[in-house]
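Read through the structure below, which is laid out as structure tokens, and then see the notes.
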Amino acid sequence: MKQFISVNDVPDLPLLLKTALDLKAEPFADKHLGENKMLGLIFFNPSLRTRLSTQKAAVNLGMQVMVMNAGQDGWALETEDGVLMNGNKAEHIKEAAAVMGRYCDILGVRSFPELLDKERDYSEHVIKQFIKYSGVPIISLESGTLHPLQSFADLITITESGIKKPKVVLTWAPHIRALPQAVPNSFVQWMGVADVDFTITNPKGYELESSFTKNVKIEYDQEKALENANFIYVKNWSAYNDYGKILTDGKEWMLTEEKLKNAAKSKIMHCLPVRRGLELSDEILDGPRSLVLDQAENRVFAAQAVLKSILSIL
Amino acid sequence: MKQFISVNDVPDLPLLLKTALDLKAEPFADKHLGENKMLGLIFFNPSLRTRLSTQKAAVNLGMQVMVMNAGQDGWALETEDGVLMNGNKAEHIKEAAAVMGRYCDILGVRSFPELLDKERDYSEHVIKQFIKYSGVPIISLESGTLHPLQSFADLITITESGIKKPKVVLTWAPHIRALPQAVPNSFVQWMGVADVDFTITNPKGYELESSFTKNVKIEYDQEKALENANFIYVKNWSAYNDYGKILTDGKEWMLTEEKLKNAAKSKIMHCLPVRRGLELSDEILDGPRSLVLDQAENRVFAAQAVLKSILSIL
Amino acid sequence: MKQFISVNDVPDLPLLLKTALDLKAEPFADKHLGENKMLGLIFFNPSLRTRLSTQKAAVNLGMQVMVMNAGQDGWALETEDGVLMNGNKAEHIKEAAAVMGRYCDILGVRSFPELLDKERDYSEHVIKQFIKYSGVPIISLESGTLHPLQSFADLITITESGIKKPKVVLTWAPHIRALPQAVPNSFVQWMGVADVDFTITNPKGYELESSFTKNVKIEYDQEKALENANFIYVKNWSAYNDYGKILTDGKEWMLTEEKLKNAAKSKIMHCLPVRRGLELSDEILDGPRSLVLDQAENRVFAAQAVLKSILSIL
């Protein structure tokens with residue numbers, strides 16, 4: 001694999017999935033592969049799971065890791081082309097990406113969207129400049145529109161259940177802040193290539209970008225959507241069409257045990273961080289339905305499989 | 315050892331002390347023990363000695379280390395149970411602790427008290443939630459009420475002197491900020507199980523929590539307390555009874571050479587950071603009495619002995 | 629080598645240069661040298677290249693690295709002697725340096741000048757206190773007046789060209805902020821001991837401190853200075869005489885292709901970060917003349933040669 005920006009970069013998904021499960025069984029079996037290889041991680045935004053799980057994955061493979069918080073450890077970076085740099089940004093992403101590419105064999109980049117300008121965010125200009133200028137394979141640690149390491153970990157988690165063609169429902173949840181569409185977009189993409197029966201449910205107005213959802217069932221009645229679900233993925237996102245807006249407080253969309261009366265065996269998923277009492281009830285998060293910690297744990301093996309695959313072509 | 319939150323977690327203190335001294339003599343002798351083991355360090359507050367000495371200790375044992383500054387690298391964490399999370403805290407400590415426990419074999423946690431609510435601080439709710447939810451052994455890197463790695467390093471330093479049953483005096487010192495009671499509480503605890511003649515001296519009103527001091531001599535006359543001391547531990551703390559308050563500027567309590575006329579051979583200890591000219595005079599810190607750098611150095615071997623002991627049960 | 633603060637610390641520059649080029653050819657050949665050795669890096673200011681290249685260099689040699697952002701990860705440090713520490717600085721550099729020296733075998737320190745007080749900045753009080761109190765070899769990661777790792781990397785880059793006695797021109801460039809003289813001072817020092825034909829060109833008033841420039845050609849006519857140059861080093865600095873001031877916007881000093889009509893084969897150098905459109909045109913930075921990424925890459929081997937030399941005397 002040459003890069004990992006979306007599911008489309010994966011040449012053989014069943015193989016990658018098998019690699020992840022094998023690594024989970026024997027995390028240190030490939031420790032020689034990363035010898036003398038350096039992974040650089042650059043964060044334009046906060047991170048707990050991604051930061052730690054990707055480090056752990058690299059270390060499991062015998063790699064070294066260097067972590068940078070952009071604009072905090074280093075310089076504020078200019079990302080626009082052709083500008084006169086006379087503001088408060090001291091370095092252009094062209095140089096920063098190229099320099100990091102000279103120091104690292106693989107780079108991971110986290111850069112959230114600003115949610116102000118749809119075209120700009122969906123152009124993925126930050127991660128694309130890293131791809132263009134760094135000269136090394138790039139791994140998305142969540143970009144403006146996608147979070148493939150999360151979705152891969154989610155798929156690992158679903159696969160581990162052993163249920164054949166499970167019913168998977170992605171349900172919108174309320175939140176007090178406008179959040180990116182990266183996690184839901186990405187989850188939809190990965191469910192599209194997995195052997196699952198997939199449905200999205202969200203309040204009207206919260207439709208995701210149509211290229212992601214063109215072959216996907218959308219059911220606006222949450223209760224109906226949840227019926228007999230095996231996996232319910234709970235996640236907030238801000239509106240795509242009325243870009244970056246919160247259209248409703250949507251409190252009636254918070255998932256509770258009461259809503260699961262027709263989905264008795266359903267497992268509940270969330271990418272974390274989760275707002276307790278707002279997105280998901282304490283009873284669900286603290287109960288036996290919750291897979292959120294397994295998802296978080298699988299982030300290690302998702303990242304490790306991706307790194308292993310990229311290391312094999314270096 | 316299953317965790318290291320206070321001296322009460324140590325099953326065999328003489329053995330742990332011997333381990334530390336052996337490791338100081340041969341720091342790399344046990345480098346195989348930490349192979350494929352990950353230490354996670356999470357800091358809710360600043361740290362120099364603890365941050366670096368604990369990393370060094372882990373590396374000496376062949377462990378890997380990941381360091382997080384909570385709320386800076388990651389998300390602001392909610393620590394209250396059962397709240398509706400609609401404020402500025404994006405993640406609950408329940409998830410954060412549990413996730414870190416999936417990535418790390420041992421976790422170290424630093425969390426200072428807020429000094430606003432005695433019951434809350436003394437309930438140790440932050441470190442207790444890490445113990446409850448992380449699923450892995452927890453090491454205190456200074457909690458609301460205790461700083462056991464510091465006290466253990468202090469005991470190593472006193473032990474290295476070879477003096478039998480030394481007289482040890484903990485003396486309050488002035489400061490411009492309200493500081494936690496963690497270092498003095500903890501030092502009192504450790505002196506309570508060491509073979510020393512121990513006295514506390516402080517201005518009236520600065521009595522520590524009584525369960526710590528119940529069998530300890532308290533002498534309000536500093537000069538009298540210092541007489542013939544072998545070791546004088548200088549430290550500021552804010553009031554416990556009038557919780558978190560600075561009751562007096564207490565300038566007359568600053569330790570100077572002049573005050574040591576009846577303690578000619580006494581060595582001076584401080585956990586650092588120290589305010590020169592406020593807590594301790596330059597002449598003492600820069601003179602031959604000072605053990606502050608030996609204490610700091612012994613932080614490595616305190617942490618290394620603790621990690622070694624915990625690794626042995628993993 | 630006992631420390632690396634300036635070119636004057638290098639006992640045998642041709643040997644150090646050869647070491648760097650050998651390490652560039654075989655970066656991992658000396659991986660055993662750093663076993664059980666700890667490098668500590670302390671940053672009082674932002675850093676991208678220095679932070680990452682020095683870590684990479686240490687790892688290439690098998691060392692371990694700990695990184696501290698002073699005042700962010702740890703405590704704000706007092707650097708004045710003999711003060712009553714009753715302000716917002718919690719720890720004195722005397723203790724911080726000495727403690728870090730107990731944890732690390734070698735320390736790297738970055739500390740920019742404040743550009744308010746010439747005597748203070750040029751006294752190099754921060755790095756000198758690390759030298760005085762840490763007890764271990766100190767490497768400058770850019771100090772108040774010098775940036776020797778950068779200059780060494782620059783010399784490696786010039787040497788790689790194979791041109792005998794090349795003409796090297798240091799040209800002042802405009803900037804919107806007052807920048808230190810460290811990079812130009814240091815470059816002048818290193819060019820002074822290299823086999824090059826060296827000229828400085830800058831607007832009147834921007835003369836560097838005279839002890840650096842006493843045997844150096846200064847040509848105030850930029851066009852004339854650039855004629856037939858093999859290497860043109862572009863860099864802004866604030867005034868030394870009218871200390872720390874920006875005397876002119878100097879827009880006419882920005883280097884463009886048009887200015888290189890009499891220096892057709894010249895290569896362009898810059899230490900980065902560079903302000904595009906202000907210090908250097910996009911056409912030059914993105915064109916074949918630019919060596920800026922090679923300079924950045926050579927930072928690894930400059931640091932690695934320095935570390936190797938220091939490791940050999942530990």
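Chains as they are written, first to last, in the working numbering: chain A, 1 to 314; chain Y, 315 to 628; chain L, 629 to 942.
No residue lacks a Cβ here, since even glycine has one placed at the ideal position from N, Cα and C.
| query | result |
| --- | --- |
| Whole-number beta carbon distance between A/Leu280 and A/Leu255, since they are thought to touch under 8 Å | 6 Å |
| Residue environment, A/Asp121, which counts as buried when at least 16 other CB atoms sit within 10 Å | buried |
| Beta-bridge partners of A/Gln64, as assigned by DSSP | A/Met38 |
| A/Ala98: contacting residues in chain B (beta-carbon distance under 7 Å) | You won't find chain B in this structure, because its protein chains are A, Y and L. |
| Buried or exposed (CB count within 10 angstroms, at least 16 for buried), A/Pro288 | exposed |
| Closest Cα partner of Y/Ser367 within the set L/Phe671, L/Leu689, L/Asn926 and L/Val693 | L/Val693 |
| Which of helix, strand or coil DSSP assigns to A/Val126 | helix |
| Cβ pair A/Pro174, A/Trp237 closer than 8 Å | no |
| Where A/Met100 sits in the DSSP three-state scheme | helix |
| Alpha helix (DSSP H) runs wholly inside the segment 571-628 of chain Y, at least 4 long, in chain order | 596-599 and 606-625 |
| Coarse secondary structure for L/Asp825, derived from DSSP in three states | strand |
| Sequence-distant residues of the same chain with beta carbon closer than 6 Å to Y/Gln270, five excluded per side | With chain Y covering only 315 through 628, there is no way to say anything about residue 270 of chain Y. |
| A/Val306 to A/Val300 span [Cα, whole Å] | 10 Å |
| Neighbourhood of L/Ile755 by C-beta distance below 8 Å, restricted to the same chain and skipping five residues each side | Ile633, Val737, Ser739, Ile766, Ser768, Ser771 and Gly772 |
| Chain L contact for Y/Glu340 (CB, 8 Å cutoff) | no |
| Minimum Cβ-Cβ distance from A/Gln64 to chain L less than 8 Å | yes |
| Residues from the segment 34-56 of chain A in contact with chain Y, defined by Cβ distance under 8 Å | Phe43, Pro46, Ser47, Leu48, Arg49, Arg51, Leu52, Ser53, Gln55 and Lys56 |
| Collapsed DSSP secondary structure at A/Lys24 in the structure displayed | helix |
| Segment limits, beta strand (DSSP E) that includes L/Lys795 | Lys795 to Trp800 |
| Nearest candidate by alpha-carbon position, reference L/Gln923, set L/Ser940, L/Lys893, L/Ile860 and L/Ala892 | L/Ile860 |
| Short CB-CB distance (under 8 Å) between A/Ile176 and chain Y | yes |
| CB contact check: A/Asp9 to chain Y, cutoff 8 Å | no |
| L/Glu719 - DSSP class collapsed to helix/strand/coil | strand |
| Contact set between Y/Val373 and chain L, taken where Cβ atoms lie within less than 8 Å | Met666 and Gln692 |
| Length of the line joining the Cα atoms of L/Ile786 and L/Leu900 | 16 Å |
| Members of the segment 383-401 of chain Y that neighbour chain A once the beta carbon cut-off is set at 7 Å | Asp387, Gly388, Trp389, Gly396, Val397, Leu398, Met399 and Asn400 |
| DSSP-derived helix/strand/coil call for Y/Asn555 | coil |
| Bridge partner(s) assigned by DSSP for Y/Phe318 | Y/Ile453 |
| Close-in-space but distant-in-sequence residues of the same chain around A/Ala90 (CB under 7 Å, 5 per side omitted) | Trp75 and Ala76 |
| Interface positions of the segment 868-883 of chain L facing chain A (Cβ-Cβ less than 9 Å), listed along the chain | none |
| Validate contact between the segment 658-674 of chain L and the segment 685-692 of chain L using beta carbons, cut 8 Å, 3 pairs | yes |
| Chain A residues whose Cβ lies nearer than 7 Å to that of L/Pro916 | Chain A residues near L/Pro916: none, gap ~15 Å exceeds 7 Å. |
| Interface residues of the segment 435-451 of chain Y facing chain A [CB-CB below 7 Å] | none |
| Under 7 Å from the C-beta of L/His720: neighbouring residues of chain Y | Arg590 |
| Among Y/Val507, Y/Leu335 and Y/Phe357, the one whose alpha carbon lies nearest that of Y/Met382 | Y/Phe357 |
| For A/Thr201 and A/Ala182, believed in contact at Cβ under 8 Å, the rounded distance | At roughly 19 Å, the Cβ-Cβ gap does not stay under 8 Å, so A/Ala182 and A/Thr201 are not in contact. |
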